[in-house]
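Here is the structure we will look at, set down as structure tokens.
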Amino acid sequence: MDFFSLIKTRRSIRSFQEKKVDRETVKKIIEMAIYAPSACNIQGWRFIIVDDERKKQQIVDMGGSVNIKNAPLGIIALYDNRTKNTEYADHIQSAAAGIQNLLLAVHYLGLGACWICHLPSKKQLRKIFNIPKIMSPIAYIAIGHHKKNKPIEMPRKYSLDEIIGFNEFSSNINIQNIKQSNLLIKKILTKIYRLTPVSIKRKWLNQYLDKNFVKKFKN
Numbered sequence: 003m004d005f006f007s008l009i010k011t012r013r014s015i016r017s018f019q020e021k022k023v024d025r026e027t028v029k030k031i032i033e034m035a036i037y038a039p040s041a042c043n044i045q046g047w048r049f050i051i052v053d054d055e056r057k058k059q060q061i062v063d064m065g066g067s068v069n070i071k072n073a074p075l076g077i078i079a080l081y082d083n084r085t086k087n088t089e090y091a092d093h094i095q096s097a098a099a100g101i102q103n104l105l106l107a108v109h110y111l112g113l114g115a116c117w118i119c120h121l122p123s124k125k126q127l128r129k130i131f132n133i134p135k136i137m138s139p140i141a142y143i144a145i146g147h148h149k150k151n152k153p154i155e156m157p158r159k160y161s162l163d164e165i166i167g168f169n170e171f172s173s174n175i176n177i178q179n180i181k182q183s184n185l186l187i188k189k190i191l192t193k194i195y196r197l198t199p200v201s202i203k204r205k206w207l208n209q210y211l212d213k214n215f216v217k218k219f220k221n
């Protein structure tokens, strides 16, 4: 696969086979991640490979995406948060660059992945995985073998002319078309979900979400 095709055919995969991904392959994927650029060349990435079913279920029970437990393994991407550039959060930018490299490596090896930010609070993740305060959890990447056909190139929502400006902001897209009221409601519901006791989420909410997830992404 040529480089441009690799980028264009990469997609988020949410349906996986039960087949395991060996740890040596995962290490190779992570190796590609650390060759991404990083602010001031700090190279502050750290990674936690999660293949313990109890750990995955714990993340879901605390408010993480149900897709986490549907993949054979996941990688938590962390980055050193000791930065002087808080205005542009360069630690998050550096982490994201590594994650993109990781996703492309996964796709190149014929596997599937999904970049997940729907997670428990950072405080909760730190407690589960014994993460020090100087390291910020950035994302969870679910990885496995495709359950469906290999991904194909998907059309983009906007053309290049609609999103490019020369020397000043320019766009033919109505960037105000997102209803702020809807966004606020989603934020409130997310907050309520995170504050809901684990016992209730485990017994009721997560079962409902899991059923709807399977229905949406079934074969």
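Everything in the sequence shown is counted per this note's numbering, starting at 3 for the first residue and increasing by one.
Just so it is clear, CB atoms sit at the ideal spot from N, CA and C, and this is done for glycine as well.
These numbers were taken from a predicted model, which means no experiment stands behind them.
**Study point:** Below-8 Å beta-carbon distance, Leu-106 vs any chain D residue
**Key:** Among the protein chains of the structure shown there is no chain D, as only one such chain exists.
Check your understanding: First and last residue of the alpha helix (DSSP H) that includes Gly-100?
Key -> Segment 92 to 110, the alpha helix (DSSP H) holding Gly-100.
Check your understanding: Going by other Cβ atoms of all chains shown within 10 Å of its Cβ, with 16 needed for buried, is Cys-116 buried or exposed?
Key -> Per the 10 Å Cβ criterion, buried.
Exercise for review: Closer than 8 Å by C-beta to Gln-60: which residues in its own chain qualify, once you throw out the five before and the five after it? Chain order, please.
Suggested key: Excluding positions up to five away in sequence, the list reads Ile-130.
Point to revise | Among Asn-169, Pro-74, His-93, the one whose alpha carbon lies nearest that of Pro-139 | key: The residue with the shortest Cα to Cα distance from Pro-139 is His-93.
**Study point:** Member of Phe-49, Leu-111, Trp-47 whose CA lies at the smallest distance from the CA of Thr-11
**Key:** Nearest C-alpha to Thr-11: Leu-111.
Check your understanding: Out of curiosity, what's the CA-to-CA distance linking Ile-32 and Ile-194?
Key -> Taking C-alpha positions only, Ile-32 is separated from Ile-194 by approximately 34 Å.
Review point. Thinking C-alpha only, which one of Arg-196, Ala-99, Ile-175, Arg-128 is nearest Met-34?
Key: Closest by alpha carbon: Ala-99.
Exercise for review: Using alpha carbons as the reference points, say which of Gly-167, Gly-114, Thr-88 lies closest to Ala-144.
Suggested key: Among Gly-167, Gly-114, Thr-88, the Cα nearest to that of Ala-144 belongs to Gly-114.
Review point. How many Å lie between Leu-186 and Ile-118 at the Cα?
Key: About 21 Å.
Exercise for review: Please list, in chain order, all residues of the same chain as Arg-56 whose beta carbon is under 6 Å from its beta carbon, the five residues on each side excluded.
Suggested key: Once the five neighbours on either side are set aside, Arg-56 has no close Cβ partner at all.
Check your understanding: Looking at Asn-83 and Phe-18, is the spacing between their C-beta atoms short of 8 Å?
Key -> No, these two residues do not count as a Cβ contact at 8 Å.
**Study point:** Enclosing beta strand (DSSP E) for Phe-168 [first to last residue]
**Key:** Segment: none, Phe-168 is in no beta strand (DSSP E) and carries neither H nor E.
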